[in-house]
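All remarks here apply to the structure that follows.
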Amino acid sequence: MKHNITRARFCAAALLVGSLGSPGLSVALTLEQALILAEREAPSLAAQAANRQAALSAAIPAGELPDPKLRLGLQNVPIEGESRWRLGNEPMTMQMVGVMQDVPNRDKRRARVDAAEAAVALAGVQHTIELLQVRQQAAEAWIATLAVERKLALFQQLYEENELFSRVVTARLAGGRGQITDSVLPKQEAALLADEEDLLLRNETVARAELRRWVGVAASQSLTGDWPQWQDDFAHYQHNLSRHPQLLAFEPMERKAQAEIAQAVAEKTPDWGWGVDYQRRGRGFGDMVSLSVSFDLPVFAGSRQDPNIAAERARLAQIEAEREAVLREHNQVLLAGLAEFQRLERGLARLEQTLMPLAEEKVQLAMADYRAGSGELTSVIDARRQLVETRLRRIDLARDRSLINARLHFAFGDTQP
Numbered sequence: 087m088k089h090n091i092t093r094a095r096f097c098a099a100a101l102l103v104g105s106l107g108s109p110g111l112s113v114a115l116t117l118e119q120a121l122i123l124a125e126r127e128a129p130s131l132a133a134q135a136a137n138r139q140a141a142l143s144a145a146i147p148a149g150e151l152p153d154p155k156l157r158l159g160l161q162n163v164p165i166e167g168e169s170r171w172r173l174g175n176e177p178m179t180m181q182m183v184g185v186m187q188d189v190p191n192r193d194k195r196r197a198r199v200d201a202a203e204a205a206v207a208l209a210g211v212q213h214t215i216e217l218l219q220v221r222q223q224a225a226e227a228w229i230a231t232l233a234v235e236r237k238l239a240l241f242q243q244l245y246e247e248n249e250l251f252s253r254v255v256t257a258r259l260a261g262g263r264g265q266i267t268d269s270v271l272p273k274q275e276a277a278l279l280a281d282e283e284d285l286l287l288r289n290e291t292v293a294r295a296e297l298r299r300w301v302g303v304a305a306s307q308s309l310t311g312d313w314p315q316w317q318d319d320f321a322h323y324q325h326n327l328s329r330h331p332q333l334l335a336f337e338p339m340e341r342k343a344q345a346e347i348a349q350a351v352a353e354k355t356p357d358w359g360w361g362v363d364y365q366r367r368g369r370g371f372g373d374m375v376s377l378s379v380s381f382d383l384p385v386f387a388g389s390r391q392d393p394n395i396a397a398e399r400a401r402l403a404q405i406e407a408e409r410e411a412v413l414r415e416h417n418q419v420l421l422a423g424l425a426e427f428q429r430l431e432r433g434l435a436r437l438e439q440t441l442m443p444l445a446e447e448k449v450q451l452a453m454a455d456y457r458a459g460s461g462e463l464t465s466v467i468d469a470r471r472q473l474v475e476t477r478l479r480r481i482d483l484a485r486d487r488s489l490i491n492a493r494l495h496f497a498f499g500d501t502q503p
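Structure (C-alpha cells):
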C-alpha cells in the first residue's frame, strides 16, 4: 500500500513537472502538488537518504572479524663470530612468513552488530523527521502565499468600490451638497490602498521565494484550492504524542547506547588470536612451522574497563532524561497549539458571523446618512476603513488557523511517511 502511494506521488510529480515545462501551459498549483514537489525537490531529503545508505553500508562489516595480519621476519640472526649476518650457517637462524588473526570475543561482536543496526534505525527515523518537516514547511509556504494572493485579489474589489464611492461623492458635490474638500477623501483612500498593495506585493515576493525553496519553478504559478483543513481530533493527537518522530528517534538511540554498554562490558572478556608461521632455515637444516594462540589479559579493569562502562551507562541515562524532556516539551506544544487553534476557530467564526456583517452594515448606514445630508464623509471613510481591515483580518485569521492546523497535523497527526 505504501509503495503504491509513493508511486502515485512520483507519477503526479512527474506529470506536474512535465506540464510546467511545456511552453504556453499555465498550471495552478494545489497544496497536494506542492507537497509532492517538495518531497521530490528537497536536498535535505537526499542528504538523509545518503545518510541512511551510509548507515546500511557501515552495518555490513560490523560483526566481521578484523583483517588478518601478514608477519614477515628474521629470527636468531648471529651478529658475532664467523657466521655473523649470515642466514644459512646457524641452525637457529630462520626466515619467517606467517599469518595472524585476532578474534574479538562473541559478546563484543554481537554488541557491534546491535549498535550498527540501531544506527540504521536511527537514520530511518531521521529521514522520516526530515520528510515531515519538509511537508510542514512546504505547506506553510503554500498557505502564506495563498493568503497574499487572496489579499491582492481583494484589493481589486476595493479599488472598484473606491471608484464607485468617488462617483457618489462627485455626484453629491454636483448637486450642490457637501463640501468641496470631500472630493479629496476618495483620492486619499485610493492612495492609502495603493500603499497597502505595494506592501502586499513585497510580501508576495517574499512568500513566493519561500515557496520556491520547496517546489522550485512551480512557485511562480498561481495557487488554487481553499484553506486546507486537517480533520484530526485531540484524541488522535494525544495518541500520536508518544509516536512523534523526534521521540521515536530516542528508541534507536537507547538501543545504540545499550549496545555500547554491552561492548564496554565485553572488554572484560579476553579477546584472543591465533597465528601460523612458516620458518625457513639454511641448507642442511629442516624448515619449521609454528602455531601460536594469544589472549588479552584485562587485569586492570578498575582503571580501564569499569570507567568506560560507567561512562556508557551515564550516556544512556542522559538519553533517557532527554527523551522525557522532549516528551514534556511536545506535550506543551500540543496543548498550546490546540488552544491557539480553538481560539482562531472561534475568532474566525465570530468575524464571519458578527463582525463582518456589522462592518458592512456600518458602511451602508454611514453612506445613507451621507447621502441624506445628515452624516459626514469622514464617517463613511472611517467605516470603509474598518470594513477593509475586517476583510483583511478574515484572511489573516484563516491563514493563521491553517498554519497552526498544519503544524499540529504534521507534528502529531501525520507521523508516518
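So the sequence shown is numbered by the working numbering: it starts at 87 and just counts up by one.
Note that the Cβ used here is the ideal one computed from N, Cα and C, for glycine as well.
For clarity, every value in this text was computed on a predicted model and none was experimentally measured.
Span separating the alpha-carbon of residue 323 from that of residue 188: Within the sequence shown, the letter at position 237 stands for residue 323. Within the sequence shown, the letter at position 102 stands for residue 188. If you take the alpha carbons of residue 323 and residue 188, they lie about 52 Å apart.
| message | So, at 8 Å on beta carbons, what are the nonlocal neighbours of residue 116 in its own chain, with the 5 sequence-adjacent residues on each side left out? | response | Reading the sequence shown from its first residue, position 30 is the one you call residue 116. Taking C-beta separations shorter than 8 Å and ignoring five residues to either side along the sequence, the partners of residue 116 in its chain run 309, 310 and 311, following chain order.
C-beta contact flag for residue 487 and residue 421 at 7 Å: Walking along the sequence shown from the start, residue 487 turns up at place 401. Walking along the sequence shown from the start, residue 421 turns up at place 335. Going by C-beta atoms, residue 487 is not nearer than 7 Å to residue 421.
Nearest by alpha-carbon distance to residue 388: which of 350, 242, 365 and 132 is it? Position 302 of the sequence shown, counted from the start, is the residue given in the question as residue 388. Considering only alpha carbons, the answer is 350.
Just curious, the alpha helix (DSSP H) that residue 220 is in, first and last residue?
In the sequence shown, counting from the first residue as 1, residue 220 sits at position 134. In this chain, the alpha helix (DSSP H) harbouring residue 220 covers 192-260.
Practice prompt. Starting from residue 158, follow the beta strand (DSSP E) in both directions and report where the run begins and ends.
Written response: Position 72 of the sequence shown, counting from 1, holds the residue named residue 158. Here the beta strand (DSSP E) through residue 158 covers 155-161.
- residue 407: which of 383, 135, 159 and 340 sits nearest, CA to CA? Within the sequence shown, residue 407 is the residue found at index 321, counting from 1. Checking every option, the nearest Cα to that of residue 407 belongs to 340.
Close Cβ partners of residue 107 (< 6 Å) along its chain, the five nearest in sequence each way excluded = As a position in the sequence shown, residue 107 is number 21, starting the count at 1. The predicted position of residue 107 is uncertain, since its pLDDT is 43 and thus under 50; a value taken from the coordinates is nonetheless stated next. Once the five neighbours on either side are set aside, residue 107 has no close Cβ partner at all.
From the DSSP output, read off the bridge partner residues of residue 414. In the sequence shown, the residue the question calls residue 414 occupies position 328. Paired residue(s): none; residue 414 is not in a bridge.
How would you write the range of the alpha helix (DSSP H) that residue 453 sits in, first residue to last? Position 367 of the sequence shown, counting from 1, holds the residue named residue 453. Unbroken alpha helix (DSSP H) run through residue 453: 442-458.
### Query
Near residue 446, what residues of its chain come up, given a Cβ to Cβ distance below 7 Å and the 5 sequence neighbours on each side ignored?
Counted from its first residue, the sequence shown places residue 446 at position 360. Non-local C-beta neighbours of residue 446 in its own chain, meaning closer than 7 Å and more than five positions away in sequence, comprise 473, ordered along the chain.
So, with DSSP's three-state summary, where would you put residue 107? By one-based count along the sequence shown, residue 107 stands at place 21. Per-residue confidence for residue 107 stands at a pLDDT of 43, beneath the threshold of 50, marking its modelled position as unreliable; the derived number appears in the next sentence. Residue state, collapsed to three classes: helix.
TODO: Kindly identify the DSSP beta-bridge partner or partners of residue 186.
DONE: For the purposes of this step, residue 186 is taken as the residue at position 100 of the sequence shown. For residue 186, which the question treats as bridged, DSSP gives the partners 155 and 361.
Could you tell me which of 253, 201 and 482 sits nearest to residue 28, measuring between CA atoms? Residue 28 cannot be examined here, being either before or after the span of the chain that is shown, 87 to 503.
State the DSSP-derived secondary structure class of residue 371, mapped to helix, strand or coil.
For this step, residue 371 is matched to residue 285 along the sequence shown. If DSSP states are grouped into helix, strand and coil, residue 371 belongs with coil.
Check your understanding: Tell me which same chain residues have a C-beta within less than 8 Å of the C-beta of residue 390, skipping the five on either side of it?
Key -> Locating residue 390 in the sequence shown gives position 304, where the first residue counts as 1. Correct list, in chain order: 353 and 384.
key: Pair within 7 Å by beta-carbon distance, residue 490 and residue 433   = Within the sequence shown, numbered from 1, the residue matching residue 490 stands at position 404. Within the sequence shown, numbered from 1, the residue matching residue 433 stands at position 347. No Cβ-Cβ contact shorter than 7 Å links residue 490 with residue 433.
Inter-stretch contact at 8 Å, needing at least 3 Cβ pairs: the region 214-228 / the region 179-186 | No, they do not touch.
First through last residue of the alpha helix (DSSP H) which encompasses residue 481:
The residue labelled residue 481 in the question sits at position 395 within the sequence shown. Segment 463-494, the alpha helix (DSSP H) holding residue 481.
* Asked: Under a Cβ-count criterion, where at least 16 other Cβ atoms within 10 Å of its own Cβ denotes burial, should residue 266 be classed as buried or exposed?
  -> Residue numbering aside, residue 266 sits at position 180 when the sequence shown is read from its first letter. Classified as exposed, residue 266 has fewer than 16 neighbouring CB atoms from the shown chains inside 10 Å of its CB.
Near residue 499, what residues of its chain come up, given a Cβ to Cβ distance below 8 Å and the 5 sequence neighbours on each side ignored? Locating residue 499 in the sequence shown gives position 413, where the first residue counts as 1. The beta carbon of residue 499 sits closer than 8 Å to the beta carbons of 316, 318, 322, 323 and 326 from its chain, once the five residues preceding and following it are set aside; these are given in chain order.
**Prompt:** Is the region 164-178 touching the region 356-375 in the sense that three or more CB pairs, one from each, lie closer than 8 Å?
**Reply:** Here the region 356-375 makes contact with the region 164-178; the two share three or more CB pairs at distances below 8 Å.
- request: State the Cα-Cα distance for the pair residue 131 and residue 214, rounded to the nearest angstrom.
  value: Within the sequence shown, the letter at position 45 stands for residue 131. Within the sequence shown, the letter at position 128 stands for residue 214. It is roughly 9 Å from the alpha-carbon of residue 131 to the alpha-carbon of residue 214.
Next on the checklist: Going by C-alpha to C-alpha distance, which of 192, 202, 379 and 210 sits closest to residue 133?
Outcome noted: On the sequence shown, residue 133 is found 47 positions in, with the first residue counted as 1. That would be 210, whose Cα lies nearest to the Cα of residue 133.
Next on the checklist: Can you tell me which residues form a DSSP beta bridge with residue 379?
Outcome noted: Numbered from 1 along the sequence shown, position 293 holds the residue referred to as residue 379. Residue 379 is bridged to 360.
Handout entry: Pairwise C-alpha distance: residue 475 and residue 246
Key = In the sequence shown, residue 246 corresponds to position 160, counting from 1. In the sequence shown, residue 475 corresponds to position 389, counting from 1. C-alpha separation (whole angstroms): 17 Å.
| residue 294 versus residue 394 - alpha carbon distance | For the purposes of this step, residue 294 is taken as residue 208 along the sequence shown, with counting starting at 1. For the purposes of this step, residue 394 is taken as residue 308 along the sequence shown, with counting starting at 1. In a straight line, the C-alpha of residue 294 is about 53 Å away from that of residue 394.
What does the alpha-carbon distance come out to for the pair residue 279 and residue 426? Taking the first residue of the sequence shown as 1, we reach residue 279 at position 193. Taking the first residue of the sequence shown as 1, we reach residue 426 at position 340. Rounded to whole angstroms, residue 279 to residue 426 spans 31 Å at the Cα level.
Per DSSP, the bridge partner or partners of residue 180:
Here residue 180 corresponds to residue number 94 of the sequence shown, with the count starting at 1. Paired residues: 161.
field: Backbone secondary structure at residue 115 - three-state DSSP
entry: Taking the first residue of the sequence shown as 1, we reach residue 115 at position 29. Residue state, collapsed to three classes: strand.
Inset, instruction - Run the CB neighbour count on residue 285, radius 10 Å, all protein chains shown included, and call it buried at 16 or more, exposed below. - result: Numbered from its first residue, the sequence shown carries residue 285 at position 199. In the assembly as shown, residue 285 is an exposed residue. Its beta-carbon has fewer than 16 other beta-carbons within 10 Å.
Check: Roughly how many angstroms lie between the CA atoms of residue 363 and residue 379, to the nearest whole one?
Finding: As a first step, residue 363 must be located in the sequence shown, where it is residue number 277. As a first step, residue 379 must be located in the sequence shown, where it is residue number 293. Roughly 12 Å between the two C-alpha positions.
- request: Below 7 Å CB to CB, which residues in the same chain sit around residue 193 once its five sequence neighbours on both sides are set aside?
  value: By 1-based counting over the sequence shown, the position of residue 193 is 107. Excluding positions up to five away in sequence, the list reads 348, 352 and 355.
Margin query: Taking the alpha helix (DSSP H) that residue 139 belongs to, which residues open and close that run?
Written below: Position 53 of the sequence shown, counted from the start, is the residue given in the question as residue 139. For residue 139, the enclosing alpha helix (DSSP H) begins and ends at 129-145.
Boundaries of the alpha helix (DSSP H) in which residue 284 is found, first to last residue:
The sequence position of residue 284 within the sequence shown is 198, counting from 1. Under the DSSP assignment, residue 284 falls in the alpha helix (DSSP H) whose first and last residues are 270-301.
**Message:** Just to confirm my understanding: we take residue 330, look at its own chain, exclude 5 residues before and 5 after, and list those with CB closer than 7 Å. What are they?
**Reply:** What you label residue 330 is simply residue 244 of the sequence shown in a count that begins at 1. 416, 497, 498 and 501, listed in sequence order.
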